[in-house]
Amino acid sequence: MRAWMAPVDAGLTEAAGTALARALGGRPLVSAERFCSSMRTLYAGPGALTQARPVLAIGCYPGWGQAGPHVVLAAEDRTGIRGPAERHAWTVAVDSEAERLLAGMSKPPVIAAWYSTGRLRRWAGTGGTVAAIDGDLRAVIEDKAAFDALLQAAGVPQRMRISCVRVDGTLPALHVLRRRVGSRRLVVQSGADSGGRGTVFVDDAAGLERAAAMSGPYKVAAFVTGWSSNTTVLSVPDGRGGVAVYVDRPSHKAIGITRAGIGPGKSAGNDWSRPWPERAGAELVDAAVRIGRHLWAEHRMAGLFGLDALLTDDGQVLFNEINCRNQGTTEVSAVNQQLRGLPPFLAAHLTALLGGRPDWLPDSDVFNHATIRAAVRPGPGPYYLKLRHRGAGPVRVSGLRGPGVYRPGGGRLVWVRPGAHPADANADLGEVLLANLPAEHVVCLPGTELGTTEALTTGNGTPFAAPHQLSDFGDAVLDALAAHLTPVRPESREVTPS
286 MRAWMAPVDA GLTEAAGTAL ARALGGRPLV SAERFCSSMR TLYAGPGALT QARPVLAIGC
346 YPGWGQAGPH VVLAAEDRTG IRGPAERHAW TVAVDSEAER LLAGMSKPPV IAAWYSTGRL
406 RRWAGTGGTV AAIDGDLRAV IEDKAAFDAL LQAAGVPQRM RISCVRVDGT LPALHVLRRR
466 VGSRRLVVQS GADSGGRGTV FVDDAAGLER AAAMSGPYKV AAFVTGWSSN TTVLSVPDGR
526 GGVAVYVDRP SHKAIGITRA GIGPGKSAGN DWSRPWPERA GAELVDAAVR IGRHLWAEHR
586 MAGLFGLDAL LTDDGQVLFN EINCRNQGTT EVSAVNQQLR GLPPFLAAHL TALLGGRPDW
646 LPDSDVFNHA TIRAAVRPGP GPYYLKLRHR GAGPVRVSGL RGPGVYRPGG GRLVWVRPGA
706 HPADANADLG EVLLANLPAE HVVCLPGTEL GTTEALTTGN GTPFAAPHQL SDFGDAVLDA
766 LAAHLTPVRP ESREVTPS
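In my numbering, each residue carries its 1-based index in the sequence shown increased by 285.
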């Protein structure tokens, strides 16, 4: 059951699959991302693109059933441990086996990833291809200290840029920085890290000292209250020397939600069911197009990228970051495209990076006008809520049937049906898809990503009540999941973290 989903146009699905297959040219498609279920909205959802199911997925967390590629190499299957260190070191853990498997393929592989690295290029081998944003280019574009200059060069209006200064040397005194940006609370950023790394909120001298411990240059910006937001953008060369820019529906992103035992933490998730003010939606889309055109003109950058912004209480849009790559948000935001009868952007991203033409895409101006209409009107949209173990000791997730559709009931989670796609769950009926759960034997350490809760909702089933607050439904889901966390006594542990 996929609530509210109009059928994805069969002709467009066939065209997208044909174009992707042509771009692959018979080479095996391999994914190399933290989740081995990556790209599942492409091949396990409405209008499934069978050509996009990876022959091999290399990652940290294994896939499951419908969400699984043909073959999986997951670090967690080897260690039996899930934790913060493991999610950052998984490429090291599988390095030699990945290289061996890829070298044994009948043709050089195409590796889909967030961005290219030396290790991925080594895995691809002679004749292989990494279908991802160039890693060096990504570092340049995502440089937080250079972001305001990027916005200015792209022609984004001043009213959509947060008051900030760039500091190339030592950070000045706190009172000097406050005066320069006009804010008592400051946001200091540096580098091109993801997941909130490279960002420090500064309220006092101790906070400034923590910020100064990062390597510069720095962006020091005013702190702005409001809803954070994430928007997925796709740039595709138009064959005439320019680029067509497609802007997805912007989200409402919840942050800074903490709970004892289990909770989402600093970055809680995204909800695309909440309407946007019309003027704000139109201005965001216009600015995203400007940025996409600038990146093409300046760097010949095509493919997926994400824009983070703030929607203030008075309806203003202020951009605060760019992510120049396919990213975790792309998995669920793809449902927005499917709700409009289109294959997900990721298919066009891969096709374009491989030199193909995603000619099934509609006219970008028509698409973007429809985005504004979808963003400002109430209607169904997907969401995801991050699940993180925030307790003090190791646990196992027990008494569940693995990833699938559940419903909270009686203080626990009740199995409903198998599932692999966010639209398999109707949150308005109290359903959620639990994605990427660990197997019951896996030891989960404090800070572990336990997976995500995903679903479609018209707004009644949103997990978020406010930018920093869960809804009653969100609380109920997390309380029910917490009942399935079984503490692991040190003397009974089958594996010991290295």
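For every residue, glycine included, the Cβ atom is placed at its ideal position computed from N, Cα and C. Since we're looking at a predicted model, the values are computed, not measured.
Host beta strand (DSSP E) of residue i (start-end)
i	result
I396	V395 to Y400
R692	G689 to G694
D593	G588 to L596
L314	L314 to A317
Delimiting residues of the alpha helix (DSSP H) encompassing residue i
i	result
A706	Residue 706 is actually His in this sequence, not Ala. That residue, H706, is in no alpha helix (DSSP H); it is neither H nor E in DSSP.
A329	No alpha helix (DSSP H) contains A329, which DSSP labels as neither H nor E.
R642	Segment: none, R642 is in no alpha helix (DSSP H) and carries neither H nor E.
Q622	G613 to L624
Rounded distance between the beta-carbons of residue j and residue i, thought under 8 Å
i	j	result
V505	V466	6 Å
P535	G566	7 Å
Q754	I426	Wrong, their Cβ atoms sit about 33 Å apart, outside the cutoff.
P643	A633	4 Å
L314	A397	7 Å
A594	N611	Going by Cβ atoms, the distance from A594 to N611 rounds to 19 Å, so no, they are not a contact pair.
T516	A439	Between A439 and T516 the Cβ distance is about 15 Å, and since that is not below 8 Å, they are no contact.
I540	S513	5 Å
R385	I547	Actually they do not touch by this definition, with Cβ atoms about 38 Å apart.
Three-state secondary structure assigned by DSSP to residue i
i	result
M286	Only weak support is given to the placement of M286: the predicted model assigns it a pLDDT of 44, under 50, and the question is left unresolved by the model.
G420	helix
T543	coil
E606	strand
S513	strand
V682	strand
G664	coil
W700	strand
D713	helix
G296	helix
E563	helix
V727	coil
T425	The identity of residue 425 in the sequence shown is Val, whereas the question assumes Thr. If DSSP states are grouped into helix, strand and coil, V425 belongs with the helices.
S649	helix
R675	strand
V340	coil
L670	strand
G412	coil
D571	helix
F630	helix
G548	strand
L334	coil
L309	helix
L718	strand
G600	coil
Any C-beta of chain D under 9 Å from that of residue i
i	result
D489	Among the chains of the structure shown, chain D does not appear; only one protein chain is present.
Checklist line | Uninterrupted beta strand (DSSP E) stretches inside the stretch 733–783 (no shorter than 3 residues) | finding: 734–742, 749–751 and 770–772
Next item on the list: Could you name each continuous beta strand (DSSP E) segment of 3 residues or more that falls completely within the stretch 431–502, going from the start of the chain to the end?
Entry: 449–452, 471–475 and 484–487
Checklist line | Whole beta strand (DSSP E) elements within the stretch 345–405, 3-residue minimum | finding: 356–359 and 395–400
Check: Is it true that the stretch 471–485 meets the stretch 409–416, where meeting means three or more beta-carbon pairs spaced less than 8 Å apart?
Finding: no
Item checked: Complete runs of the beta strand (DSSP E) confined to the stretch 519–543 [at least 3 residues] -> 528–532 and 537–542
Check: Does the pairing of the stretch 316–329 with the stretch 646–660 give three or more beta-carbon distances under 8 Å?
Finding: no
Item checked: Meets three-Cβ-pair contact criterion under 8 Å: the stretch 734–746 and the stretch 667–682 -> yes
Next item on the list: Please confirm if the stretch 718–731 is in contact with the stretch 671–683, defined as three or more CB-CB distances below 8 Å between the two stretches.
Entry: yes
Notebook entry, point to check: Are three or more beta carbon pairs between the stretch 584–591 and the stretch 698–716 nearer than 8 Å?
Noted result: no
Check: Does the stretch 444–456 touch the stretch 490–501, meaning 3 or more C-beta pairs lie closer than 8 Å?
Finding: yes
Next item on the list: Report yes or no: do the stretch 383–398 and the stretch 416–425 share at least 3 C-beta pairs separated by less than 8 Å?
Entry: yes
Notebook entry, point to check: Does the stretch 616–628 come close enough to the stretch 550–560 to have 3 or more Cβ pairs within less than 8 Å?
Noted result: yes
Margin query: Taking contact to mean 3 or more Cβ pairs, one atom from each stretch, closer than 8 Å, check whether the stretch 293–310 and the stretch 682–692 are in contact.
Written below: no
Check: Quick check: the stretch 402–409 against the stretch 354–374, are there 3 or more CB pairs under 8 Å?
Finding: no
Next item on the list: Assess, as a yes-or-no matter, whether the stretch 656–666 is touched by the stretch 328–338 under the definition of 3 or more beta carbon pairs within less than 8 Å.
Entry: no
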